[in-house]
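What follows is one structure encoded as structure tokens, with my remarks underneath.
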Amino acid sequence: WPETGDRLDPKYKGLMVYCDENFAVLIDSLGTCKYGTMIPPTLHYKEIQKGLEVTTGIKFTINELKMIGERIVNVNRLFNVREGFSRADDTLPTRFLVEPSPEGPSKGQIVELEYMLDEYYRYRGWDSNGIPTPERLNHLEIEFTSDSLG
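The sequence shown: position 50 = 91 (our numbering), numbered continuously.
Take a look at the structure:
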């Protein structure tokens, strides 16, 4: 995926956010400071796996840890959807979307948010409005009813 290295190319940015967000919420759920572990990356799934086994005696696979992160993101999203949150709220300041960057390495660039949101929602398994689909929630073993969404 050479495009991921090009910060001005929107391709794969949704995937990058998907992966980073799953990892960040996992770190948060452990009470660990993500800012001291993610930039630069000093803690990875393998270290979390070992740490959890030492402290709890429970052996998690890396895939289980990734699934936990994804479940957390989806439960958070379900809560926000219930409270009225939608794609319209997944935005940036208007300026980023309509005014080309005036100078520097990003001169002339405008954020292609709609493209990146579509990609991100595809990786999440959400519909085009940013709502988790029943299929995705079933895959994640998250029980819900449509009444839960308000």
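All C-beta atoms, glycine included, are put in the ideal place defined by N, C-alpha and C.
As the structure is a computational prediction, the values presented were derived from the model and not from experiment.
Beta bridge pairing from DSSP links Pro134 with no other residue.
Excluding sequence positions up to five before and after Ile109, its CB lies within less than 7 Å of the CB of Leu67, all in the same chain and listed in chain order. Secondary structure at Pro146: coil, using DSSP grouped into helix, strand and coil.
Assignment of beta-bridge partners to Pro173 by DSSP yields Trp167. Put simply, the backbone Cα of Lys75 is about 14 Å away from that of Cys60. In the structure shown, Val152 falls within a coil segment according to DSSP collapsed to helix, strand and coil. Comparing C-alpha distances from Asp131 to each of Tyr156, Leu178, Phe64, Glu111 shows the shortest one belongs to Tyr156. Within the segment 52–133, not a single complete beta strand (DSSP E) segment reaches 3 residues in length. The Cβ neighbour count for Gly171, taken over all protein chains shown within 10 Å, is at least 16; the residue is labelled buried. Judged by DSSP in its simplified three-state form, Glu160 adopts helix.
Three or more beta-carbon pairs separated by less than 8 Å link the segment 149–164 to the segment 49–56, which places the two stretches in contact.
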